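Visitor: Under mature numbering (1 follows the signal peptide of the UniProt record, and there is no 0), the residues of the sequence shown are numbered -24 to -1, 1 to 137, in order.
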Amino acid sequence: MNTPIVLRSLALILCITPLTRGFAQSTPEPSQTLFQTISAQDSVLFNAVNACDLPTVESKFAENLEFYHDKNDPQYGRKTVVDGIKNNLCGKIQRELVPSSLEVYPIQGYGAVEIGVHRFHHIGAQDHDVVGEAKFIHLWRFKDGAWQITRVISYDHGSAK
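(1) With C-beta atoms as the reference, is E42 less than 8 Å away from R117?
(2) Please list the terminal residues of the continuous alpha helix (DSSP H) segment that includes P31.
(3) Rounded to a whole number of angstroms, what is the C-alpha to C-alpha distance between C28 and S7?
(4) Please report the Cβ distance between V106 and H94, rounded to the nearest whole angstrom; I am assuming they are in contact, meaning their Cβ atoms lie under 8 Å.
(5) On a Cα-Cα basis, can you pick out the residue from Q12, Y44 and L30 that is closest to A110?
(6) Bridge partners for H94 per DSSP, in chain order?
(7) Could you check the C-alpha separation between E72 and F22 for me, to the nearest Å?
(8) Spatial neighbours of Q1 within its chain, please: C-beta separation below 6 Å, excluding the five flanking residues on both sides.
(9) Got a sec, what are the start and stop residues for the beta strand (DSSP E) Q84 sits in?
(10) Leaving out five residues on either side along the sequence, give the residues of the same chain with a beta carbon under 7 Å from the beta carbon of S77.
(11) So F11 and V80 are in contact, right, with Cβ under 8 Å, and what is the actual spacing, rounded?
(12) Indicate the three-state DSSP secondary structure (helix, strand or coil) for S130 in the structure shown.
(13) Using only the alpha-carbon positions, how far apart do I113 and I129 sit?
(14) Among C66, N48 and D49, which has the Cα closest to the Cα of A33?
(15) Is K68 buried or exposed, if buried means 16 or more other CB atoms sit within 10 Å of its CB?
(16) Residues in the same chain with beta-carbon distance under 7 Å from I131, minus the five sequence neighbours each way, listed in chain order, please.
(17) Return the bridge partner residues of Q51 from the DSSP annotation.
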C-alpha cells in the first residue's frame, strides 16, 4: 500500500468535504415569521381586491408597480393596475389562494418574494365555480415600516386543476 498517496487522498477529501456541504444544502429555509407576515399581507391585499376596497389595494402596491401577465400586455404604475382591478375584477371575480402552494423567501436588503398558485371564481349565485387558476410571483418591498408589492408576474393561466 502506498501511504503517501493514501494520505494525500485523505487530505484532499477532508479539504473538499466542507465545501461540498455548502453546495449540497438547499435554499435556506425562510423564517416562519416572514412567511406569516407575507401571508398576512397577501390576505389583506386580496380581501381588499375581493371586497373592491380600492384604497386598501392601493396601499399594498408601490407607486412604480410593474405587473406582467401572460395573457395581457404589461401594466406600469399603481394607478393603471388599480384601475384594471376596478374595471375588470370588482364585483365579477374573486381570488382564492391555494394555501399549500405558498412559498416565501427573503430578499436581503429589500423584502421578500412570494410564490404561489391562486384560483378565481365568478361572483354570482349561478356561477360560483372555479373558472381559472394561475401561478404568481410577488416581489414585496419593506420600506418605511410598510410592505408593498413592486413587481407582479402572473403566469400559467388556465382552467382550474
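Built from N, CA and C at the ideal position, the CB exists for glycine as well. Nothing here was measured: the structure is a model prediction, and the numbers come from that model.
Guide: Here's the rundown:
(1) no
(2) L30 to K36
(3) 31 Å
(4) With a Cβ gap of about 10 Å, V106 and H94 do not count as contacting.
(5) Y44
(6) L73 and A110
(7) 8 Å
(8) Confidence in Q1 is poor, its pLDDT being 40 and thus under 50, which makes the residue's placement unreliable; the coordinate value appears in the next sentence. Same-chain partners within the cutoff: there are none.
(9) Premise fails: Q84 is in no beta strand (DSSP E) and is neither H nor E.
(10) G92 and V93
(11) 5 Å
(12) strand
(13) 5 Å
(14) Looking at the sequence provided, one finds Val at residue 33 rather than Ala. It is C66.
(15) exposed
(16) Checking the sequence, you will find Tyr at residue 131 rather than Ile. Closer than 7 Å at the Cβ level, and outside the excluded window around Y131, lie D46, A110 and K111.
(17) F43
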